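This report concerns only the one structure given below.
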Amino acid sequence: MHMWMEIAGYFTLIIYTMALVYITIYCLLQFHLLLHYTKARTGKNPQAEPSQQEPEYFPMVTIQLPLYNEVFVVERLIDNIIEMDYPREALEIQVLDDSTDDTLEVSKRKVAEYREKGFNIYLIHRKDRSGYKAGALKNGMKTAKGDYIAIFDADFLPRKDFLNETLHHFKNQEVAVVQTRWSHINQDFSLLTEVQALQLNVHFTVEQQGRESANYFLQFNGTAGIWRKDAIEDAGGWEADTLTEDLDLSYRAQLRGWKIIYLEDITAPAELPSEINGLKSQQYRWMKGGAETAKKLLPRVWASDLRLIQKVHATTHLLGSTVFLFVFLLGVFSVPLLFFINPLGIELSFMSFFLISLLAISIVYYIANVNSAWEYTNKLKAVFKFIILFPVFLALSMGLSLHNSIAVLHGYLGRPSAFVRTPKFNITSSKTIVPFRQYVMRSLPVTTIFEGCLALYFLFGIILGIHTQNTALILFHIMLFFGYGCIFYFSIRQLNLKTGRQL
Numbered sequence: 000m001h002m003w004m005e006i007a008g009y010f011t012l013i014i015y016t017m018a019l020v021y022i023t024i025y026c027l028l029q030f031h032l033l034l035h036y037t038k039a040r041t042g043k044n045p046q047a048e049p050s051q052q053e054p055e056y057f058p059m060v061t062i063q064l065p066l067y068n069e070v071f072v073v074e075r076l077i078d079n080i081i082e083m084d085y086p087r088e089a090l091e092i093q094v095l096d097d098s099t100d101d102t103l104e105v106s107k108r109k110v111a112e113y114r115e116k117g118f119n120i121y122l123i124h125r126k127d128r129s130g131y132k133a134g135a136l137k138n139g140m141k142t143a144k145g146d147y148i149a150i151f152d153a154d155f156l157p158r159k160d161f162l163n164e165t166l167h168h169f170k171n172q173e174v175a176v177v178q179t180r181w182s183h184i185n186q187d188f189s190l191l192t193e194v195q196a197l198q199l200n201v202h203f204t205v206e207q208q209g210r211e212s213a214n215y216f217l218q219f220n221g222t223a224g225i226w227r228k229d230a231i232e233d234a235g236g237w238e239a240d241t242l243t244e245d246l247d248l249s250y251r252a253q254l255r256g257w258k259i260i261y262l263e264d265i266t267a268p269a270e271l272p273s274e275i276n277g278l279k280s281q282q283y284r285w286m287k288g289g290a291e292t293a294k295k296l297l298p299r300v301w302a303s304d305l306r307l308i309q310k311v312h313a314t315t316h317l318l319g320s321t322v323f324l325f326v327f328l329l330g331v332f333s334v335p336l337l338f339f340i341n342p343l344g345i346e347l348s349f350m351s352f353f354l355i356s357l358l359a360i361s362i363v364y365y366i367a368n369v370n371s372a373w374e375y376t377n378k379l380k381a382v383f384k385f386i387i388l389f390p391v392f393l394a395l396s397m398g399l400s401l402h403n404s405i406a407v408l409h410g411y412l413g414r415p416s417a418f419v420r421t422p423k424f425n426i427t428s429s430k431t432i433v434p435f436r437q438y439v440m441r442s443l444p445v446t447t448i449f450e451g452c453l454a455l456y457f458l459f460g461i462i463l464g465i466h467t468q469n470t471a472l473i474l475f476h477i478m479l480f481f482g483y484g485c486i487f488y489f490s491i492r493q494l495n496l497k498t499g500r501q502l
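Oh and the sequence shown: position 465 is 464 in numbering that gives the first Met the number 0, straight run, nothing missing.
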């Protein structure tokens with residue numbers, strides 16, 4: 000064997016193994032959170048919470064509704080917030096509408112309608128949209144009268160008793176934020192929404208509750224939560240230097256000694272992205288923003304006096320988006336590895352150890368969905384649903400790894416980009432006809448072309464594995480082919496989609 004081929008072979012093996020090690024560590028730390036979550040759920044380490052009582056007084060609360068071109072859901076949102084079960088004189092509503100389309104006219108009409116009925120509701124409109132959502136929230140803070148600031152994105156429909164269920168937790172003067180769990184209005188709309196719900200259910204059960212139980216840093220999720228105004232100001236206020244201003248402020252507040260309370264049993268219904276471009280824009284924002292926040296705050300985390308295990312989990316949390324970069328590398332280097340298995344005498348059997356990562360993450364997702372999010376569903380039906388959805392979720396996550404890796408690299412490299420909103424369509428059932436027309440792509444992005452090429456690349460890997468009788472990676476390559484193929488199909492389908500349902 001030529002020396003250069005030997006070097007290439009060992010280089011491929013090293014990159015592949017490094018990616019496996021990183022992913023395994025990430026999955027095991029997720030499993031560690033599951034242990035804390037399970038411990039909390041079984042009552043072995045209960046979170047001391049004040050019992051809800053009829054409040055003796057009603058503190059002034061400002062509800063902020065940041066909007067940008069949300070014509071399909073703005074009316075529903077404002078009507079829902081007006082129904083909040085809280086004294087009018089102690090409630091202020093700020094409609095922070097930076098829209099450039101018909102949304103602004105709807106906001107003006109609804110605000111005028113409810114002001115005539117005696118509600119303290121105000122429209123705050125900016126023409127420059129500087130700082131995007133963070134800028135809108137910061138601008139609203141200048142005139143906010145509330146001691147507490149509740150925030151809801153355009154697609155959320157909080158319950159009437161939201162404030163009464165959350166405010167009493169602020170009796171603890173160390174609490175900066177009370178965050179509630181997202182539930183999903185349109186989960187059954189399509190396969191795309193089903194797999195999103197599967198993933199989000201993990202974050203809003205195992206991750207959030209597990210971190211709180213273990214006294215690790217957790218986060219305000221940008222919506223469906225309420226802040227103590229003093230905590231926002233003490234932490235330095237909203238900053239627009241990352242695309243995840245919520246994660247950024249959460250960590251800055253906790254580094255200042257503030258606490259975040261997470262309420263898994265209080266849900267705020269919301270709409271999942273129903274088409275692939277909306278999902279991709281949301282993923283890009285979350286992945287790039289996560290990388291930006293990690294770059295900004297990890298030095299402060301490690302310079303703090305937190306316990307080592309707190310620093311480790313905070314690091315894993317902030318670097319969460321980076322796992323997609325290693326998933327991408329793992330896939331890309333798995334195909335050339337097939338060329339070197341026999342010439343180098345590589346035994347892939349030792350890598351079976353890394354199957355522990357798949358086992359760990361499977362258990363995490365099973366508990367988060369079957370035992371928690373779907374706990375009121377027929378058990379047999381829930382198990383069957385999980386068996387079908389989980390492999391599809393894994394495959395589609397692999398298919399998104401190129402897109403998300405680019406976002407992560409943009410974040411670490413400091414590449415500037417706009418805060419691209421995720422369009423919502425007022426979807427309330429699987430039969431809703433969606434007006435996709437105005438969100439149809441004008442041209443095919445380069446990333447989508449590469450996703451199609453990668454689908455063919457992994458099809459080649461399947462054929463190569465069969466031809467060389469090295470079938471150890473064939474299931475992995477089938478999932479990669481399916482994942483990239485589906486993402487490519489969804490994306491090109493968006494070129495001509497006008498109305499209807501996404502697959």
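Heads up, the beta-carbon is just placed ideally off N, CA and C, and yes, glycines get one too. No experiment lies behind these values; they were computed from the predicted model shown.
- With 16 other Cβ atoms within 10 Å as the buried cut-off, status of Ala-111: Ala-111 is classed as exposed because its beta carbon has fewer than 16 other beta carbons within 10 Å across all chains shown.
- Item | Nearest-angstrom Cα separation, counted from Gly-482 out to Thr-11 | Between the C-alpha atoms of Thr-11 and Gly-482 there is a straight-line separation of about 23 Å.
- Query: Which value, in whole angstroms, describes the spacing of the CA atoms of Gly-484 and Gly-460?
  - Reply: Answer to the nearest angstrom: the Cα atoms are 14 Å apart.
- Message: Once the 5 residues before and after Ile-275 are set aside, which same chain residues still bring their CB inside 6 Å of it?
- Response: These residues qualify, in order along the chain: Phe-489, Ser-490, Gln-493.
- Item | Sub-8 Å separation of Ile-22 and Ser-356 beta-carbons | Contact: yes.
- State whether the stretch 243-262 contacts the stretch 389-408, with contact taken as three or more CB pairs (one from each stretch) at a distance under 8 Å. Between the stretch 243-262 and the stretch 389-408, the count of C-beta pairs closer than 8 Å stays below three; the two stretches do not touch.
- Got a sec, what are the start and stop residues for the beta strand (DSSP E) Tyr-215 sits in? No beta strand (DSSP E) holds Tyr-215; DSSP gives it neither H nor E.
- Buried versus exposed, by CB contacts within 10 Å (16 or more), Phe-352: Within 10 angstroms of the beta-carbon of Phe-352 lie fewer than 16 other beta-carbons, which makes it exposed.
- Message: Taking its Cβ as the centre, do 16 or more other Cβ atoms sit within 10 Å of Cys-452, making it buried, or is it exposed?
- Response: With fewer than 16 neighbouring CB atoms inside 10 Å of its own CB, Cys-452 falls in the exposed class.
- Item | Same chain, Cβ closer than 6 Å to Asn-403, neighbours up to 5 away in sequence not counted | For Asn-403, where only same-chain residues beyond five positions count, the Cβ hits under 6 Å are Gln-282, Met-286, Phe-323.
- Query: Relative to the C-alpha of Phe-155, which residue among Asp-146, Trp-237, Phe-424 is closest?
  - Reply: Answer by Cα proximity: Phe-424.
- Query: How many angstroms separate the CA atom of Leu-419 from the CA atom of Tyr-131?
  - Reply: Residue identity check: residue 419 is Val in the sequence provided, not Leu. Here the alpha carbon of Val-419 sits roughly 9 Å from the alpha carbon of Tyr-131.
- So Leu-95 packs on Leu-136, CB below 8 Å; how close in whole Å? Confirmed, about 7 Å.
- Item | Spatial distance of Ser-249 from Lys-310 (CA atoms) | Pairing Ser-249 with Lys-310, the inter-Cα distance amounts to about 15 Å.
- Query: In this structure, what does DSSP give as the bridge partners for Thr-508?
  - Reply: With the chain covering 0 to 502 only, the question about residue 508 has no answer from this structure.
- Query: So, is the C-beta of Arg-299 closer than 8 Å to a C-beta in chain D?
  - Reply: Here there is only one protein chain, and chain D is not present.
- Taking the continuous beta strand (DSSP E) assigned at Asp-264, which residues delimit it? Note, Asp-264: beta strand (DSSP E), 258-269.
- Note down the Cα distance separating Tyr-121 from Lys-144, rounded to an integer number of angstroms. If I take the Cα positions, the gap works out to 12 Å.
- Task: From the DSSP output, in three-state form, read off Arg-492 for me.
- Result: In the structure shown, Arg-492 adopts helical secondary structure according to DSSP, grouped into three states.
- Query: Roughly how far, in whole angstroms, is the beta-carbon of Leu-19 from the beta-carbon of Met-350, given that I think they are within contact range, below 8 Å?
  - Reply: Rounded to whole angstroms, the Cβ separation of Leu-19 and Met-350 is 7 Å, and the two are in contact under 8 Å.
- Item | Cutoff 6 Å; reference Pro-49; Cβ partners in own chain excluding five residues on either side | Unreliable placement is indicated for Pro-49, whose pLDDT of 48 sits below 50; no coordinate value is reported for it.
- Message: For Pro-65, list the residues DSSP reports as bridge partners.
- Response: Looking at the DSSP assignment, Pro-65 forms a beta bridge with Leu-95.
- Item | Pairwise C-alpha distance: Arg-284 and Leu-278 | A straight-line Cα-Cα distance of about 10 Å links Leu-278 and Arg-284.
- Task: Check Tyr-121 in the structure and name its three-state DSSP category.
- Result: Correct three-state label for Tyr-121: strand.
- Query: Going by alpha carbons, who is nearest to Leu-412 out of Ile-231, Asp-84, Thr-241?
  - Reply: Checking every option, the nearest Cα to that of Leu-412 belongs to Thr-241.
- Query: Anyone know if the C-beta pair for Arg-158 and Asn-138 falls short of 8 Å?
  - Reply: Cβ atoms of Arg-158 and Asn-138: not closer than 8 Å.
- Item | Those residues which DSSP pairs with Gly-224 across a bridge | Paired residue(s): Ile-150, Gln-178.
- Is it true that the CB of Gln-195 sits closer than 8 Å to the CB of Leu-271? Cβ distance < 8 Å, so Leu-271 and Gln-195 count as in contact.
- Message: For Phe-151 and Ile-62, which I take to be in contact (beta-carbon distance under 8 Å), what is that distance rounded to the nearest angstrom?
- Response: That pair is a contact at about 7 Å.
- Query: Hey, quick one: how far does the alpha helix (DSSP H) through Asn-403 stretch, first residue to last?
  - Reply: Under the DSSP assignment, Asn-403 falls in the alpha helix (DSSP H) whose first and last residues are 400-412.
- Query: In terms of DSSP beta bridges, what is His-183 paired with?
  - Reply: His-183 is bridged to Ala-269.
- Ordered along the chain, which non-local residues of its own chain (more than five positions away) have a Cβ less than 8 Å from that of Val-105? The answer, listed in chain order, is Val-70, Val-73, Glu-74.
- Query: Exposed or buried, what is Val-369 when buried is set at 16 or more other beta-carbons lying within 10 Å of its beta-carbon?
  - Reply: Within 10 angstroms of the beta-carbon of Val-369 lie 16 or more other beta-carbons, which makes it buried.
- Can you give the beta carbon distance from His-316 to Phe-219, rounded, assuming they're within the 8 Å contact cut? About 13 Å separates the CB atoms of His-316 and Phe-219; that is not less than 8 Å, and the two are not in contact.
- Task: Please state if the CB of Ser-273 and the CB of Asn-214 are separated by a distance shorter than 8 Å.
- Result: Cβ atoms of Asn-214 and Ser-273: not closer than 8 Å.
- Item | Reduced DSSP category for Leu-90 - H, G, I as helix; E, B as strand; rest coil | Leu-90 carries a strand assignment under DSSP once its states are collapsed to helix, strand and coil.
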